[in-house]
Amino acid sequence: MQKELKNLLKLSFAFVVVLLFFTLARLYFYISNNSTFLASSDFNLLDAFVHGFVYDFKFIFAVNSIIILMFFLPFRFRNTIFWQLIVKLSFTLVNSGMILLYLIDSKYYQFANEHIRLFKLSDNDLFKQFSFSLSEINFQLVESWDIIFIGLPMVIVLWSVFPSINKLYFERSRLNIIFRFAITSLTIFSIWFVSNVLKDKSGDWQVKLFENMNRPTANLAINSPYFMLRFYYSEKLVSKNYFEEGELSTLFSAEKQYVSRLENKKNVIVINIQKEIEDWEKFEEKVKKRNINYFISANFCSQMKSEPMLMDELLLSFPAFGTVPLIKTTYAFNQFQSLAELLKQNGYFTAMVTNYSDQKQYKTYYNFYGFDKLICHKYNHKLLSKFENEIKNKTKDTYFAFFQIDSGLDELLTYVFDNEININTLIVINLLTSEMSKDIQARKTLYIMPDTLGEYFVAPKTQNMDILPSVIDYLNINKKFIAFGKSVFYKTEKREMFQYTGKDYVILEDSLLLRYNGQSTKWLIDFKQDPSEFFDLQDSLPVQKVLLENKIRAIIQENNHRLIYNKMMPED
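Residue numbering for the sequence shown follows this note's numbering, beginning at 1016 and increasing consecutively.
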């Protein structure tokens, strides 16, 4: 018994050494990717080590469970040198292999951040695509002397610290059998307890880390859960709190079953123009002269130049409508993805049209969003000619086209009207104007409708998140969807607008703008006041503060309920 206890202490020491090497590997991960983590103001190295230690502790015992059982179970056969070799070799290879993979993964993570972006994956199996992208990186282990420098001593040390199995372990005395049975039972219980109790805690920390690195997570899914979670790759994805196994295979499957193409529906064109409209009144006058049904709304997604950290974060909602092209913005996965998918499922031929010169970049983007066609050309007149030949005249399907352009709006509208595309097409244009209102640069949204405007009441102020529900409502698509925006064709006296910035929640009601971090209000301001003064009105408007907080909590609770209980569509 004394020798067994001594060997038990030796085994415990061996696992302490393993944990030490895992900690060194984690330190190597942070050092080799230091620039990436420094880019996140929320990243805390101490928290990373504390939670990472807990995660590694659970992982080590879970993976080494079979070795612990091999060490303590009361086998009936005699101890042999061969059996000692098997157990010791298993311990060394399993743990050194995991640590070596950890080190290599750190290297790959570094290369991945430098050479590829996870956002460029096409709409195929995420894991296969990510592996394929990494395989293109020219990484040679023999050239990574830092990994070899750690790896070789690690194998030697792990081989040395694992205790040899003494013959006493296999004697058939009742006391030894009871002892080994107790140790084995305790080990199994410890593995189960650690795995279950610490799983959520460590997993949540991993999710938080990736969220701080601007990776898509379930927290961002609040804007469009179904399409966001397709790219949610942390260990929480396999939790049945979110999806069943069958649904996972559907989410990660490239072979989506779309309905057959339907004809006799209105086409949809969404245009995002990055260049400012310098003379807004002149532009609006041009639109009026066309004698068309249109509505121009002031857009809630405004950018405050003097306070960029305050208002620029409000540029959520329609992801392409940020200050940078398409999905380079942090909040790139929400309603635009949902709109493209939803229209495609309802028989629309989808196309992305852009005049940006980086065609390779946009090839990955159009795959990412699952478009049927990508049309690129630097010159707008040739771009429009390609659009006409390859989409407008070629396909018999109803189409949805997204134009991402940096200039040439007049040329595009002239083409639309001269070719009478607006007769059977809903056109939505997001505009950045040069108008300034107390240092706020405004955006506007132009809706050009092919039929009569008289039957609609359009709200005086809209937001980018209103585009998805407006298009779905206008096309009368009988399918539920998740969006915080409201159709601009709904008649309402008081308009509420809600946005999620990736960290905080923002709600606008009339002119009051409240920012909520999930637990308390950060500030409450009057949107009509001069933003440079920025008076926090929490104390002076306590009733309005409570009402807005309650509305935000209700929205969060409703959508968290959908996530937890796997209800990706609103309930009847």
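The C-beta atom is built at its ideal place from N, Cα and C for all residues, glycine as well.
Backbone secondary structure at residue i - three-state DSSP
{"i": "T1038", "result": "helix"}
{"i": "F1550", "result": "coil"}
{"i": "F1177", "result": "coil"}
{"i": "L1490", "result": "helix"}
{"i": "K1281", "result": "coil"}
{"i": "M1367", "result": "strand"}
{"i": "Y1414", "result": "strand"}
{"i": "V1170", "result": "helix"}
{"i": "Y1045", "result": "helix"}
{"i": "E1405", "result": "helix"}
{"i": "E1293", "result": "coil"}
{"i": "N1395", "result": "helix"}
{"i": "N1079", "result": "coil"}
{"i": "N1434", "result": "coil"}
{"i": "S1502", "result": "coil"}
{"i": "F1154", "result": "Caution is warranted here: a pLDDT of 47 is assigned to F1154, below 50, making its placement in the model unreliable, and the coordinate value is therefore given only provisionally. Of the three classes helix, strand and coil, the one that applies to F1154 here is coil, per DSSP."}
{"i": "D1425", "result": "helix"}
{"i": "D1525", "result": "coil"}
{"i": "N1238", "result": "In this predicted model, N1238 has a pLDDT of only 28, less than 50, meaning its place in the structure is not dependable; the value taken from the coordinates is given anyway. N1238: coil per DSSP, three-state reduction."}
{"i": "N1139", "result": "The predicted model places N1139 with a pLDDT of 40, which falls under 50 and marks its position as unreliable, so this point remains unresolved."}
Residue i - partner residues in DSSP beta bridges
{"i": "W1538", "result": "R1530"}
{"i": "A1197", "result": "According to DSSP, A1197 bridges with nothing at all."}
{"i": "M1464", "result": "N1308"}
{"i": "M1085", "result": "Per DSSP, none; premise fails for M1085."}
{"i": "T1440", "result": "N1282"}
{"i": "L1446", "result": "K1459"}
{"i": "L1389", "result": "M1367"}
{"i": "I1165", "result": "DSSP output for I1165 lists no bridge partner at all."}
{"i": "N1361", "result": "Paired residue(s): none; N1361 is not in a bridge."}
{"i": "Q1559", "result": "None, per the DSSP bridge assignment."}
{"i": "Q1419", "result": "N1287, T1369"}
7 angstroms Cβ cutoff met for residue i and residue j
{"i": "N1437", "j": "I1463", "result": "yes"}
{"i": "T959", "j": "L1026", "result": "The structure shown does not extend to residue 959, since the chain spans only 1016 to 1587, so no value can be given for it."}
{"i": "V1521", "j": "I1482", "result": "no"}
{"i": "N1370", "j": "L1399", "result": "no"}
{"i": "V1368", "j": "F1418", "result": "yes"}
{"i": "F1415", "j": "L1358", "result": "yes"}
{"i": "L1490", "j": "I1288", "result": "no"}
{"i": "S1422", "j": "K1290", "result": "yes"}
{"i": "Y1043", "j": "L1118", "result": "yes"}
{"i": "N1361", "j": "I1487", "result": "no"}
{"i": "V1170", "j": "A1029", "result": "no"}
{"i": "L1563", "j": "L1529", "result": "yes"}
{"i": "F1402", "j": "I1420", "result": "no"}
{"i": "D1413", "j": "Y1363", "result": "Here the sequence assigns Thr to residue 1413, which means Asp is not the residue at that position. Yes; because the gap between Cβ atoms is below 7 angstroms, this pair is in contact."}
{"i": "Y1531", "j": "I1567", "result": "yes"}
{"i": "I980", "j": "F1298", "result": "Past the boundaries of the shown model lies residue 980; the chain is included only from 1016 to 1587, so the question cannot be answered."}
{"i": "V1033", "j": "I1075", "result": "yes"}
Contact belief for residue i with residue j at Cβ below 8 angstroms, rounded distance in angstroms
{"i": "L1538", "j": "Q1553", "result": "Just to set this straight, residue 1538 is Trp in the shown sequence, not Leu. Right, their Cβ atoms sit about 7 angstroms apart."}
{"i": "N1439", "j": "N1282", "result": "6 angstroms"}
{"i": "F1037", "j": "I1114", "result": "6 angstroms"}
{"i": "D1525", "j": "I1540", "result": "Not quite, the Cβ-Cβ distance comes to about 12 angstroms (not below 8 angstroms), so this is no contact."}
{"i": "A1366", "j": "K1393", "result": "Actually they do not touch by this definition, with Cβ atoms about 18 angstroms apart."}
{"i": "E1435", "j": "H1396", "result": "E1435 to H1396, Cβ: 18 angstroms. No contact."}
{"i": "S1111", "j": "I1082", "result": "The Cβ separation is near 13 angstroms, so there is no contact."}
{"i": "I1165", "j": "L1039", "result": "7 angstroms"}
Residue i CB to nearest heavy atom of the ligand FAD below 6 angstroms
{"i": "R1530", "result": "Absence of the ligand FAD from the depicted structure is noted, as is the absence of any ligand whatsoever, leaving it without description."}
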